[in-house]
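S.K.: Protein sequence lines, in the order shown, are assigned to chains C and V.
Counting from 1, position 332 in the first sequence corresponds to residue 363 in this note's numbering; the numbering is continuous, with no gaps.
Counting from 1, position 104 in the second sequence corresponds to residue 399 in this note's numbering; the numbering is continuous, with no gaps.
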Amino acid sequence: MAELSDSYRLKYVFGIDFGTSYTKYGPITLAEPNVVQTRGLFLRDVPESVKMRIPPDVLSRGLVVGDEEVRNYLSSVRDVQRNMKYPLKDGIARRDDEDAWSVLRELARYVLAQFPVADPEFKGWLVSMALSALAPDYMYRGFFDILEKISAESKSIYAATVLPQPLAVAIAENAVNCVIVEGGHGNIQVAPISYAMIREGLVALNRGGAEANAVTREVLKDMGYGDVAREEYVVETVKRAVGLVPRGLGQAIAAARSNPDKFTAKVRLSPIVEIEIPKEYAWTRFLIGEIVFNPRHEEFKSYIDQSRIRIEDAVIGDVTLYGEMDLASAIISSLRSVSVEVQDRVASNVILSGGAFKWDVPAGLEEYAVNSVEKVRLMLGEVNRELAAKVGVRLVKEPQYSAWRGAVIYGYALPLSLKWDNINKEGWYIIGGTS
Amino acid sequence: MELARYLLIRYLTEVLGFKLESERGDDLALLDGANRVSVKAYFADIYEEAEIYKKINELLQQDCDKAYIALAKDALPLVDPKHLKALGVGLISVDPSRGLEGVELRMPARARPRPAQQVDLSKILGAVNAAVAEAVSRESKRIEEEVFKKLKSYVDKALEDVRRELAAGKAEQRTEQRGPPSIAENEWVKLIRRRG
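1. Beta strand (DSSP E) containing GLU213/C: first to last residue?
2. Counting only runs that start and end within the segment 329 to 383 of chain C, where is the beta strand (DSSP E) found for 3 or more residues in a row?
3. Per the contact definition of three or more C-beta pairs closer than 8 Å, is the segment 166 to 175 of chain C in contact with the segment 409 to 426 of chain C?
4. My understanding is that MET160/C touches VAL193/C, with C-beta atoms under 8 Å, so please give their C-beta distance in whole angstroms.
5. Nearest CA to the CA of LEU382/V: which residue from THR308/V, GLU439/V, ASN352/V?
6. What ranges does the beta strand (DSSP E) occupy inside the segment 397 to 452 of chain C, keeping only unbroken runs of at least 3 residues that lie completely in it?
7. Name the two residues that bound the continuous beta strand (DSSP E) containing PHE49/C.
8. Nearest chain C C-beta to LEU461/V closer than 9 Å, yes or no?
9. Roughly how many angstroms separate the alpha carbons of GLU344/V and LEU366/V, rounded to a whole number?
10. Suppose the cutoff is 8 Å on Cβ atoms and the five residues either side in sequence are ignored; what does the same chain contact list for SER433/C look like?
11. Could you check whether ARG238/C and VAL266/C sit closer than 9 Å to each other, using their CB atoms as the reference points?
12. Give the straight-line distance between the Cα atoms of VAL381/C and VAL66/C, rounded to the nearest whole angstrom.
13. Report yes if the C-beta distance between LEU165/C and ILE342/C is below 9 Å; otherwise report no.
14. Where do the N-terminal and C-terminal ends of the beta strand (DSSP E) with PRO223/C fall, by residue?
15. Give me the Cβ distance between ILE304/V and LEU315/V, rounded to the nearest whole Å; I'm assuming they're in contact under 8 Å.
16. Would you say LEU352/C and ASP121/C are within 9 Å of each other, going by their C-beta atoms?
17. Please classify ILE462/C: does DSSP put it in a helix, a strand, or coil?
18. Spell out a yes or no on whether the segment 46 to 66 of chain C and the segment 113 to 132 of chain C are touching, meaning 3 or more CB-CB pairs, one atom from each, closer than 8 Å.
19. Within 10 angstroms of its Cβ, does ARG309/C collect 16 or more other Cβ (buried), or is it exposed?
20. Which residues bound the beta strand (DSSP E) around LYS335/V?
21. Out of curiosity, what's the CA-to-CA distance linking TYR337/V and LYS350/V?
22. What's the C-alpha gap between VAL77/C and VAL377/C?
23. How should ASP336/C be labelled, buried or exposed, when 16 other C-beta atoms within 10 angstroms of its C-beta is the threshold for buried?
24. In terms of DSSP beta bridges, what is ARG319/V paired with?
25. Out of VAL431/V, ASP358/V, MET402/V, which one is the CA nearest neighbour of ASP415/V?
26. Taking Cβ-Cβ distances below 7 Å as the criterion, which residues of the segment 433 to 451 of chain C are in contact with chain V?
27. Taking GLU482/V as the query, report the chain C residues whose CB atoms sit under 7 Å from its CB, ordered along the chain.
28. If contact is defined by three or more beta carbon pairs under 8 Å, each pair taking one atom from either stretch, is the segment 180 to 196 of chain C in contact with the segment 145 to 163 of chain C?
29. Do you know whose CA, among TRP451/C, ASP48/C, GLU398/C, LEU233/C, lies nearest SER360/C's CA?
30. Going by DSSP, what residues sit across from MET115/C in a beta bridge?
31. Tell me VAL234/C's beta-bridge partners as DSSP assigns them.
32. Counting only beta-carbon separations shorter than 9 Å, does ALA201/C have a partner in chain V?
33. Taking a contact to mean a Cβ-Cβ separation below 9 Å, would you say GLU242/C touches PRO326/C in this structure?
34. Give every residue of the same chain whose Cβ lies closer than 6 Å to the Cβ of SER185/C, excluding the five residues on either side of it in the sequence, and list them in chain order.
35. Can you tell me whether DSSP reads TRP483/V as helix, strand or coil?
36. Establish whether the CB of LEU383/C and some CB of chain V are separated by less than 9 Å.
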């Protein structure tokens, strides 16, 4: 297969980052990728009168994707709960979930169709996809099959490759020795990287932004806002507005109980809905942030026990996702798999990425609340003071886009002579070839 | 007086060769070739000088190339020939007692610009001027529009070229910014390339 020139790659590498909630996509020429929700709406149970108004090609596929398109058909579908499909759970699509794969296929077709090319020199996109580090082998094969089918119709793809999201983040951050801590909605992946992702060192936690939302929902119910707490948007907004990461949970809760006035807050959700965190619940603000970092804390555990939140281990393929492991232990456990010789170098660069690490410190509460970087540093110090002294922690520059950016850089650099290898999970899968 | 008028008409048509066109009151309209000749035939038993000059004045108002006043021989002493000469009006005297021979051309008429023609000319001139002005203005507008169109297309083209150059510059700049510097400086790029 002939190597394509650098100038061709600088135009026609197409990155797609399949996140659980959002898919980020676009060619290498974009400054920022386009974003679309990772979901699809099946056009089942559609009344005959509405069917008449749906274009035949959409109707024949029986499925729509794209934020605007889904919104257009929402009112046409009788049972939205049943027909709205989020194909990825913790970044994984189940092998036997045909609906999920249909949505992913339609989504891939949709994102590529957004960028038609008229250049006579265009030989097809070089598609570089970022998937969860936990993605099993069948997902790689599944995505290649999808692209094969799309290219059979449109001849728009030359070759495709897949890389794990933590590696993509490391590439975007230009860090060859580092620990990537990717905090998503459903889980947290801790991946050590030393010139490549060290798969043996991958540690996954079965919690993330979703668990912080769950705590927020419980707190809202306790405060008497059970009605609005049903809406995910409300929960997410309240979490972002009042959630705090405590410097030390014990001291923070004690301070909030002894001086609650300082920790009360109000959130205006709309001109007519305002939520007030009263004095007696002010301390619960710290629980919202803490669950992401350490759900094993005593005060915290007691709160979980009396609520309906369950944080349990889960198994995906051959990877166990730990429910209660604290983040510092996860990082240390991950580092143990790295050669001792380079451990220091890898540990010196802990990079936090993803929405689960987006926490602000309100003015005046600096004594009790910290941001994610400080929190990880403090936690590591509690577990291993010597290690903590060597560790450098930082947040990625573009939490939302770094995996996409890493994917396009990877697609630009990876030589076409390197064919896809199922063992190493590296190389180009030539569309229409024999790979 | 009818005889005098009769003799006058005969003289004009037979001797001078004019063609009688019409008669209205004491006015005779004749054609001398293509020229129109007006003759005021004023015959009276008793002439008044003032009345004669009034008739001459009426004659001057008529639309013709030559004008004559015809009077009975008795009225000649009342007419100032210098005045008639200055006006260019011809004088014919008629003595009915002598028959056709009694009709004499005392003073020839001088060809004069016709008042009606003067009005027409000015109108025509006005119309011509207006037409010319309109044509000039139309033509100038056309030229103006043509020049404007040409200028516009030239300026548009120049602008488009500048825009294209700018866009190309920006694209190049973007490629440079997003491409080579950020990517080329990335350690991973060298690392991954070595795997080929």
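Backbone N, C-alpha and C define an ideal beta-carbon position, used for all residues, glycine too.
Note that this is a predicted model, so its numbers are computed, not measured.
M.R.: With the given structure in hand:
1. Locating residue 213/C in the first sequence gives position 182, where the first residue counts as 1. Note, GLU213/C: beta strand (DSSP E), 208 to 214.
2. 345 to 347, 350 to 353
3. no
4. In the first sequence, residue 160/C corresponds to position 129, counting from 1. In the first sequence, residue 193/C corresponds to position 162, counting from 1. That belief holds up - the Cβ atoms of MET160/C and VAL193/C are roughly 5 Å apart, short of 8 Å.
5. For the purposes of this step, residue 382/V is identified with residue 87 of the second sequence, where counting begins at 1. If we check each option's Cα against that of LEU382/V, ASN352/V comes out closest.
6. 424 to 426
7. As a working note, residue 49/C is residue 18 in the first sequence. That run of the beta strand (DSSP E) goes 44 to 49.
8. Mapped onto the second sequence, residue 461/V falls at position 166. No - not a single Cβ of chain C is within 9 Å of the one on LEU461/V.
9. Counting from 1 along the second sequence, the entry for residue 344/V is found at position 49. Counting from 1 along the second sequence, the entry for residue 366/V is found at position 71. Roughly 12 Å separates the two Cα atoms.
10. Position 402 of the first sequence holds residue 433/C. If we look at SER433/C and ignore the five residues flanking it on each side, its Cβ neighbours are ALA199, VAL200, ALA203, GLU204, SER384, VAL427.
11. Residue numbering aside, residue 266/C sits at position 235 when the first sequence is read from its first letter. Residue numbering aside, residue 238/C sits at position 207 when the first sequence is read from its first letter. No, the Cβ-Cβ distance between VAL266/C and ARG238/C is not below 9 Å.
12. Position 350 of the first sequence holds residue 381/C. Position 35 of the first sequence holds residue 66/C. In a straight line, the C-alpha of VAL381/C is about 27 Å away from that of VAL66/C.
13. Reading the first sequence from its first residue, position 134 is the one you call residue 165/C. Reading the first sequence from its first residue, position 311 is the one you call residue 342/C. No, the pair does not count as a contact, with Cβ atoms beyond the cut-off.
14. By one-based count along the first sequence, residue 223/C stands at place 192. Residues 219 to 225.
15. On the second sequence, residue 304/V is found 9 positions in, with the first residue counted as 1. On the second sequence, residue 315/V is found 20 positions in, with the first residue counted as 1. Contact holds; Cβ gap of about 6 Å.
16. Your numbering for residue 352/C matches position 321 in the first sequence. Your numbering for residue 121/C matches position 90 in the first sequence. The answer is yes: Cβ separation under 9 Å.
17. The count along the first sequence starts at 1 and reaches residue 462/C at position 431. Correct three-state label for ILE462/C: coil.
18. yes
19. Sequence index remark: in the first sequence, residue 309/C carries index 278 (1-based). Correcting the residue identity first, residue 309/C is Pro in this sequence and not Arg. It is exposed - the Cβ of PRO309/C has fewer than 16 other Cβ atoms within 10 Å.
20. By one-based count along the second sequence, residue 335/V stands at place 40. First-last of the beta strand (DSSP E) with LYS335/V: 330 to 337.
21. What you label residue 337/V is simply residue 42 of the second sequence in a count that begins at 1. What you label residue 350/V is simply residue 55 of the second sequence in a count that begins at 1. When rounded, the distance between both Cα atoms is 8 Å.
22. Residue mapping note: residue 77/C aligns to position 46 of the first sequence, counting from 1. Residue mapping note: residue 377/C aligns to position 346 of the first sequence, counting from 1. Cα to Cα, VAL77/C sits roughly 54 Å from VAL377/C.
23. If you number the first sequence from 1, residue 336/C lands on position 305. Burial call: exposed.
24. Here residue 319/V corresponds to residue number 24 of the second sequence, with the count starting at 1. For ARG319/V, which the question treats as bridged, DSSP gives the partners ASP322/V.
25. Taking the first residue of the second sequence as position 1, residue 415/V is located at position 120. ASP415/V has its Cα closest to that of ASP358/V, out of VAL431/V, ASP358/V, MET402/V.
26. ILE440, TYR441, TYR443, ALA444, LEU445, PRO446, SER448, LEU449
27. Working through the second sequence from its first residue, we reach residue 482/V at position 187. Those are ASN205, VAL207, listed as they occur along chain C.
28. yes
29. Numbered from 1 along the first sequence, position 329 holds the residue referred to as residue 360/C. Nearest option by C-alpha distance: LEU233/C.
30. In the first sequence, residue 115/C corresponds to position 84, counting from 1. DSSP lists LEU72/C as partners of MET115/C.
31. Along the first sequence, one-based indexing puts residue 234/C at 203. Answer is VAL221/C.
32. Along the first sequence, read from residue 1 onward, the residue named residue 201/C stands at position 170. Closer than 9 Å to some Cβ of chain V, the Cβ of ALA201/C qualifies, so yes.
33. Taking the first sequence and counting its residues from 1, the one referred to as residue 242/C is at position 211. Taking the first sequence and counting its residues from 1, the one referred to as residue 326/C is at position 295. Yes, Cβ-Cβ distance for GLU242/C and PRO326/C is below 9 Å.
34. By 1-based counting over the first sequence, the position of residue 185/C is 154. Excluding positions up to five away in sequence, the list is empty.
35. Walking along the second sequence from the start, residue 483/V turns up at place 188. In this structure, TRP483/V counts as helix in the three-state DSSP scheme.
36. Taking the first sequence and counting its residues from 1, one reaches residue 383/C at position 352. Closer than 9 Å: no.
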